[in-house]
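One structure is given here, and the rest of the page talks about it.
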Amino acid sequence: MSEPRPVPAPTATSPWDTTGYWGPTDPEQHPAVRLVRERFPDAFREATVFRDEMTIRVDRRALRDVVEFLRTHPELRYNHLTDITAVDMLYLRERPRFDVVVQLYSIPRRQRLRVKCGVDDGETVPSLVPIFAGANWLERECYDMFGIVFEGHPDLRRILLPEDWDEGHPLRKDYPLRGYRDYVQPGFESPAPRIRGTLRRPGP
Amino acid sequence: MIDFSQPTPVILSEVRQLTPTRRELVLNMGPQHPSTHGVLRVRLTLEGETVIACDPVIGYLHRGVEKLGESHRYAQFVPWTDRTDYVAAPSNNLGYVLAVEKLCGIQAPERAQYWRMIMAELARLASHLVWLGTHALDIGALSVSLYTFRDRELILDIFEKFCGARLTTNMMEIGGFSREIPPDLPEMVREFCRYFPKAIRQYEDLLTENPIWLARTKGVGIIEPDVAINYGLTGACLRGSGVNYDVRKAMPYLFYDRVEFDVPLGTHGDVYDRYLVRIEEMRQSIRIIEQCLEQVPTDGPLMAYESQYVIPPHKNVMTTAEDMQRHFIWVIKGFSPPKGEVYHAVEHSKGELGYYIVSDGSPIPYRLRIRSPDFVNLQSLPYMAQGAMLADIVALIGTIDIVLGSVDR
Numbered sequence: 001m002s003e004p005r006p007v008p009a010p011t012a013t014s015p016w017d018t019t020g021y022w023g024p025t026d027p028e029q030h031p032a033v034r035l036v037r038e039r040f041p042d043a044f045r046e047a048t049v050f051r052d053e054m055t056i057r058v059d060r061r062a063l064r065d066v067v068e069f070l071r072t073h074p075e076l077r078y079n080h081l082t083d084i085t086a087v088d089m090l091y092l093r094e095r096p097r098f099d100v101v102v103q104l105y106s107i108p109r110r111q112r113l114r115v116k117c118g119v120d121d122g123e124t125v126p127s128l129v130p131i132f133a134g135a136n137w138l139e140r141e142c143y144d145m146f147g148i149v150f151e152g153h154p155d156l157r158r159i160l161l162p163e164d165w166d167e168g169h170p171l172r173k174d175y176p177l178r179g180y181r182d183y184v185q186p187g188f189e190s191p192a193p194r195i196r197g198t199l200r201r202p203g204p
Numbered sequence: 001m002i003d004f005s006q007p008t009p010v011i012l013s014e015v016r017q018l019t020p021t022r023r024e025l026v027l028n029m030g031p032q033h034p035s036t037h038g039v040l041r042v043r044l045t046l047e048g049e050t051v052i053a054c055d056p057v058i059g060y061l062h063r064g065v066e067k068l069g070e071s072h073r074y075a076q077f078v079p080w081t082d083r084t085d086y087v088a089a090p091s092n093n094l095g096y097v098l099a100v101e102k103l104c105g106i107q108a109p110e111r112a113q114y115w116r117m118i119m120a121e122l123a124r125l126a127s128h129l130v131w132l133g134t135h136a137l138d139i140g141a142l143s144v145s146l147y148t149f150r151d152r153e154l155i156l157d158i159f160e161k162f163c164g165a166r167l168t169t170n171m172m173e174i175g176g177f178s179r180e181i182p183p184d185l186p187e188m189v190r191e192f193c194r195y196f197p198k199a200i201r202q203y204e205d206l207l208t209e210n211p212i213w214l215a216r217t218k219g220v221g222i223i224e225p226d227v228a229i230n231y232g233l234t235g236a237c238l239r240g241s242g243v244n245y246d247v248r249k250a251m252p253y254l255f256y257d258r259v260e261f262d263v264p265l266g267t268h269g270d271v272y273d274r275y276l277v278r279i280e281e282m283r284q285s286i287r288i289i290e291q292c293l294e295q296v297p298t299d300g301p302l303m304a305y306e307s308q309y310v311i312p313p314h315k316n317v318m319t320t321a322e323d324m325q326r327h328f329i330w331v332i333k334g335f336s337p338p339k340g341e342v343y344h345a346v347e348h349s350k351g352e353l354g355y356y357i358v359s360d361g362s363p364i365p366y367r368l369r370i371r372s373p374d375f376v377n378l379q380s381l382p383y384m385a386q387g388a389m390l391a392d393i394v395a396l397i398g399t400i401d402i403v404l405g406s407v408d409r
């Protein structure tokens with residue numbers, strides 16, 4: 001028989017808080033936060049830290065300029081675009097509806113940074129393709145899955161779903177997991193029977 | 001019902017007449033083509049045998065894994081990560097569980113971390129062996145694939161011994177491993193490490209100085225270092241161009257800072273250099289596994305049991321009341337990480353595999369993004385294919401090392 005063990009509550013400090021791969025965890029001492037706030041005082045919104053990860057939130061209209069500044073500034077040199085994605089914030093806040101999330105990495109300085117901007121349905125985000133060629137497919141995927149339009153993208157069309165997909169954008173939170181329509185296999189008259197239900201997220 | 005008596009209209013290609021002397025041919029390569037490594041379709045515009053434009057069409061294997069992740073509890077999603085890149089399933093497990101552990105603020109015990117490293121490096125070897133066999137098969141060296149698949153069986157046997165599965169392993173759990181390591185597994189891995197360098201020499205004897213192989217790969221598909229960075233390439237595609245970025249060295253996770261290994265770099269950035277980089281990576285993986293086997297403690301916990309985020313040990317579930325309650329809640333309701341967002345990347349066999357998780361404090365991830373390396377790497381195919389010959393396209397698809405389950409997710 002083992003001794004009963006109380007389960008400790010999660011503490012604020014964890015082994016992940018001090019890895020230092022994202023630069024200083026104090027926003028005041030982080031060079032990217034300081035320089036972006038100096039250079040773009042109007043577009044800079046806030047800087048947040050979770051675990052050791054630094055996130056800068058900027059205005060959507062200035063996203064390309066901020067990323068270009070982060071790439072070219074000799075103290076920062078975030079020259080590797082790791083990822084562009086979006087988050088549908090439908091259940092978390094009123095507006096803007098989406099967050100566009102850009103993950104950057106600096107190969108010479110070995111540091112990551114995350115840049116975010118809020119965008120509402122019907123608004124556009126400046127495309128990053130003129131800066132990073134690798135943004136092309138990532139933005140197309142974002143458009144395909146969320147319906148976010150990237151202004152200045154050379155070839156913005158669906159990438160993973162078929163080009164004639166007419167059921168909207170599947171990673172939006174109001175898109176049902178099984179889609180809007182039942183799929184009828186070619187050669188069959190009715191959809192396949194459902195074997196079991198799926199887990200539902202509690203509503204907002 | 002389909003009427004099979006009627007002929008099916010098949011449109012294979014279209015020929016456009018530009019000028020009386022210049023003709024463009026639009027050719028669909030794939031999605032059912034043996035050298036596209038799955039269901040990749042490449043829309044080629046050809047003039048004679050020269051490729052003018054190349055447009056990869058993907059999505060034939062899209063299953064909505066990210067959407068599924070946003071409707072499953074955290075621990076339920078681990079088997080789904082196997083299905084993204086199915087030739088290196090343990091590496092996918094590793095990236096996901098490390099991201100969740102970072103979100104929860106927990107860390108696996110030392111012994112589990114070493115075994116995770118060993119399994120991730122074995123998965124890298126298995127993935128590289130599949131890549132080498134199919135890549136050589138595409139270019140015309142049939143016999144290499146026989147040898148690589150023979151040796152991959154040994155790795156799959158180790159996986160089977162460890163967790164019972166060979167391909168979709170589902171071996172890592174949030175917090176470590178809940179099952180004990182089989183007692184004869186270390187010896188099995190050691191024996192593999194003794195054997196495998198001989199096998200690498202065998203592959204190199206077949207390919208490295210083979211004149212046909214050199215003619216097909218040298219100077220083909222060159223990517224300059226600045227272009228490689230601009231395209232966001234990672235893995236051997238980036239290191240083949242001479243850019244030194246390996247997540248294991250740049251941002252060590254697990255205990256990669258405790259082992260010695262080298263990061264091979266190419267000089268020309270062509271198909272041949274990426275081949276050499278991957279061959280050398282296999283040797284370095286063996287070095288890492290040998291050092292891990294020396295350093296790993298022989299006994300000790302394998303699971304971070306003192307946390308509320310991991311499943312309680314099975315023995316205690318059967319004997320103590322509070323562990324039974326914890327187990328019940330863990331299985332029925334799942335666990336709720338704190339609110340926040342994390343991005344964690346691991347060095348997958350194909351490049352940087354990152355998981356970005358947004359948590360709203362509920363047992364289901366609010367957003368789960370998989371940054372798969374080959375989706376980003378495949379973007380460089382049109383760049384490499386500019387002005388290449390049609391026969392080079394199979395070499396270029398092979399050199400990117402794609403798995404369509406990971407590209408389409």
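Those protein sequences? They're chains R and Z, same order as listed.
Numbers 1 to 204, taken from full-length UniProt numbering, label the letters of the first sequence in order.
Numbers 1 to 409, taken from full-length UniProt numbering, label the letters of the second sequence in order.
Cβ coordinates follow ideal geometry from the N, Cα and C atoms, glycine included.
Note that this is a predicted model, so its numbers are computed, not measured.
| task | Name the two residues that bound the continuous alpha helix (DSSP H) containing R/S190. | result | Indexing the first sequence from 1 puts residue 190 of chain R at position 190. Neither: R/S190 is in no alpha helix (DSSP H) and is coded neither H nor E.
| With 9 angstroms set as the bound, which would you pick, yes or no: does the beta-carbon of Z/M251 sit closer than that to a beta-carbon of chain R? | What you label residue 251 of chain Z is simply residue 251 of the second sequence in a count that begins at 1. Yes, its Cβ sits closer than 9 angstroms to a Cβ of chain R.
| query | How big is the Cα-Cα spacing for residue 417 of chain Z and Z/D226? | reply | Outside the modelled stretch of chain Z, which goes from 1 to 409, sits residue 417 of chain Z, for which no answer is possible.
| said: Just to confirm before moving on: does the CB-CB distance between R/G187 and R/Q111 stay below 9 angstroms? | reply: On the first sequence, position 187 is the one that residue 187 of chain R refers to. On the first sequence, position 111 is the one that residue 111 of chain R refers to. Cβ distance not < 9 angstroms, so R/G187 and R/Q111 don't count as in contact.
| query | Do Z/S406 and Z/S380 have their CB atoms nearer than 9 angstroms? | reply | On the second sequence, position 406 is the one that residue 406 of chain Z refers to. On the second sequence, position 380 is the one that residue 380 of chain Z refers to. Not in contact: Z/S406 and Z/S380 (Cβ atoms no closer than 9 angstroms).
| query | If you measure from the beta carbon of Z/H62 to each beta carbon in chain R, is any gap under 9 angstroms? | reply | Position 62 of the second sequence, counted from the start, is the residue given in the question as residue 62 of chain Z. With a threshold of 9 angstroms between beta carbons, Z/H62 makes contact with chain R.
| query | Alpha carbon to alpha carbon, what distance is there between Z/S35 and Z/S143? | reply | Sequence index remark: in the second sequence, residue 143 of chain Z carries index 143 (1-based). Sequence index remark: in the second sequence, residue 35 of chain Z carries index 35 (1-based). Taking the CA atoms as reference points, Z/S143 sits about 16 angstroms from Z/S35.
| Z/T81 (DSSP reduced to helix, strand or coil) | Position 81 of the second sequence, counted from the first residue, corresponds to residue 81 of chain Z. Here Z/T81 sits in helix by DSSP.
| query | Under 9 angstroms, do R/P130 and R/R64 count as touching if we go by C-beta distance? | reply | The count along the first sequence starts at 1 and reaches residue 130 of chain R at position 130. The count along the first sequence starts at 1 and reaches residue 64 of chain R at position 64. Taking a C-beta distance under 9 angstroms as the contact criterion, R/P130 and R/R64 qualify as a contact pair.
| Going straight from the alpha carbon of Z/A385 to that of Z/G221, what length do you get? | As a first step, residue 385 of chain Z is located in the second sequence; it is residue number 385 there, counting from the start. As a first step, residue 221 of chain Z is located in the second sequence; it is residue number 221 there, counting from the start. CA-CA distance, Z/A385 to Z/G221, rounds to 7 angstroms.
| query | What residues are listed by DSSP as bridge partners for R/D83? | reply | Here the question's residue 83 of chain R lines up with position 83 in the first sequence. Answer by DSSP bridge pairing, in chain order: R/Q103.
| field | Contact belief for R/Y78 with R/L128 at Cβ below 8 angstroms, rounded distance in angstroms | value | Reading the first sequence from its first residue, position 78 is the one you call residue 78 of chain R. Reading the first sequence from its first residue, position 128 is the one you call residue 128 of chain R. Their Cβ separation, rounded to whole angstroms, is 12 angstroms, which puts R/Y78 and R/L128 out of contact at 8 angstroms.
| said: Let's test the definition: count the other Cβ atoms within 10 Å of the Cβ of Z/M318 and tell me whether it reaches 16, buried, or not, exposed. | reply: Along the second sequence, read from residue 1 onward, the residue named residue 318 of chain Z stands at position 318. Counting the other Cβ atoms within 10 Å of the Cβ of Z/M318 gives fewer than 16, which makes it exposed.
| request: Grab the span of the beta strand (DSSP E) containing R/H30 for me, first residue to last. | output: If you number the first sequence from 1, residue 30 of chain R lands on position 30. Element bounds for R/H30: n/a, residue is neither H nor E.
| Short CB-CB distance (under 9 angstroms) between Z/R409 and chain R | Position 409 of the second sequence, counting from 1, holds the residue named residue 409 of chain Z. Output row for Z/R409: interface = yes.
| field | For Z/V247, the first and last residue of its enclosing alpha helix (DSSP H) | value | To locate residue 247 of chain Z, count along the second sequence from 1; it is residue 247. Boundaries of the alpha helix (DSSP H) around Z/V247: V247 to A250.
| Beta-carbon neighbours of R/V87, restricted to chain Z and to distances below 7 angstroms | As a first step, residue 87 of chain R must be located in the first sequence, where it is residue number 87. Here the neighbours are V358 and R367.
| request: Taking only beta-carbon positions, decide if Z/N92 is within less than 9 angstroms of chain R. | output: For the purposes of this step, residue 92 of chain Z is taken as the residue at position 92 of the second sequence. Output row for Z/N92: interface = no.
| field | Where R/D166 falls, given that 16 or more other Cβ within 10 Å makes a residue buried | value | Locating residue 166 of chain R in the first sequence gives position 166, where the first residue counts as 1. Residue burial is scored here from C-beta neighbours: R/D166 has fewer than 16 other C-beta atoms within 10 angstroms and is therefore classed as exposed.
| task | Kindly list the residues whose CB is nearer than 7 angstroms to the CB of Z/T267, restricted to its own chain and excluding five residues on each side of it in sequence; keep chain order. | result | As a position in the second sequence, residue 267 of chain Z is number 267, starting the count at 1. Scanning its chain for C-beta atoms nearer than 7 angstroms, with the 5 sequence neighbours on each side dropped, one finds around Z/T267 the residues G242 and D273, in chain order.
| query | Taking contact to mean at least 3 C-beta pairs separated by less than 8 angstroms, is the stretch 87 to 99 of chain Z in contact with the stretch 333 to 347 of chain Z? | reply | Result yes; three or more Cβ-Cβ pairs closer than 8 angstroms.
| Of the choices R/F40, R/V67 and R/D26, whose alpha-carbon is the least far from that of R/T48? | Counting from 1 along the first sequence, the entry for residue 48 of chain R is found at position 48. Residue R/D26 holds the alpha-carbon nearest to the alpha-carbon of R/T48 among R/F40, R/V67 and R/D26.
| Z/L61 in three-state terms, based on DSSP | Here residue 61 of chain Z refers to the residue found at position 61 of the second sequence. In this structure, Z/L61 counts as coil in the three-state DSSP scheme.
| message | Assuming the contact rule is C-beta atoms closer than 8 angstroms, Z/D374 and Z/D408 should be a hit. Round their C-beta distance to whole Å, please. | response | As a position in the second sequence, residue 374 of chain Z is number 374, starting the count at 1. As a position in the second sequence, residue 408 of chain Z is number 408, starting the count at 1. About 10 angstroms separates the beta carbons of Z/D374 and Z/D408, which is beyond the 8 angstroms limit, so they are not a contact pair.
| message | Rounding to the nearest angstrom, what Cα-Cα distance links R/H73 and Z/Q76 in this structure? | response | Translated into positions along the first sequence, residue 73 of chain R becomes position 73. Translated into positions along the second sequence, residue 76 of chain Z becomes position 76. Approximately 43 angstroms between the Cα atoms of the pair.
| request: Compute the beta-carbon to beta-carbon distance between Z/P90 and Z/M171, rounded to the nearest angstrom, for a pair I have assumed lies under 8 angstroms. | output: The count along the second sequence starts at 1 and reaches residue 90 of chain Z at position 90. The count along the second sequence starts at 1 and reaches residue 171 of chain Z at position 171. That belief holds up - the Cβ atoms of Z/P90 and Z/M171 are roughly 6 angstroms apart, short of 8 angstroms.
| query | Would DSSP call R/R39 helix, strand or coil? | reply | By 1-based counting over the first sequence, the position of residue 39 of chain R is 39. Residue state, collapsed to three classes: helix.
| query | Whose CA, out of Z/P365, Z/I289, Z/S285 and Z/H37, lies closest to the CA of Z/P186? | reply | In the second sequence, the residue the question calls residue 186 of chain Z occupies position 186. Closest option to Z/P186, Cα to Cα, is Z/I289.
| Minimum C-alpha distance to Z/E224 - residue among Z/C237, Z/L214 and Z/W213 | Locating residue 224 of chain Z in the second sequence gives position 224, counting from the first residue. Nearest neighbour of Z/E224 by Cα position, chosen from Z/C237, Z/L214 and Z/W213, turns out to be Z/C237.
| message | Between the alpha carbons of Z/Y356 and Z/V342, how many angstroms are there, rounded? | response | Along the second sequence, one-based indexing puts residue 356 of chain Z at 356. Along the second sequence, one-based indexing puts residue 342 of chain Z at 342. Each residue's alpha carbon lies about 6 angstroms from the other.
| Minimum C-alpha distance to Z/L206 - residue among Z/V42, Z/Y147 and Z/M389 | Sequence index remark: in the second sequence, residue 206 of chain Z carries index 206 (1-based). Minimum Cα distance to Z/L206 is reached at Z/Y147.
| request: Output, in chain order, the set of chain Z residues within a Cβ distance shorter than 7 angstroms of R/G152. | output: Translated into positions along the first sequence, residue 152 of chain R becomes position 152. Listed by position along chain Z, the residues whose Cβ is nearer than 7 angstroms to that of R/G152 form an empty set, because the closest Cβ is around 17 angstroms away.
| query | Can you give the beta carbon distance from Z/I174 to Z/W115, rounded, assuming they're within the 8 angstroms contact cut? | reply | Within the second sequence, numbered from 1, the residue matching residue 174 of chain Z stands at position 174. Within the second sequence, numbered from 1, the residue matching residue 115 of chain Z stands at position 115. Not confirmed; about 15 angstroms, so no contact.
| query | Quick one: what's got a C-beta closer than 6 angstroms to R/A32's C-beta in the same chain, skipping five residues either side? | reply | Counting from 1 along the first sequence, the entry for residue 32 of chain R is found at position 32. Counting only Cβ-Cβ distances below 6 angstroms, and skipping sequence neighbours, we find L76 and L113.
| request: Select from R/R34, R/R172, R/V100 and R/P170 the residue whose C-alpha is nearest the C-alpha of R/T124. | output: Along the first sequence, one-based indexing puts residue 124 of chain R at 124. The shortest C-alpha separation from R/T124 is found at R/V100.
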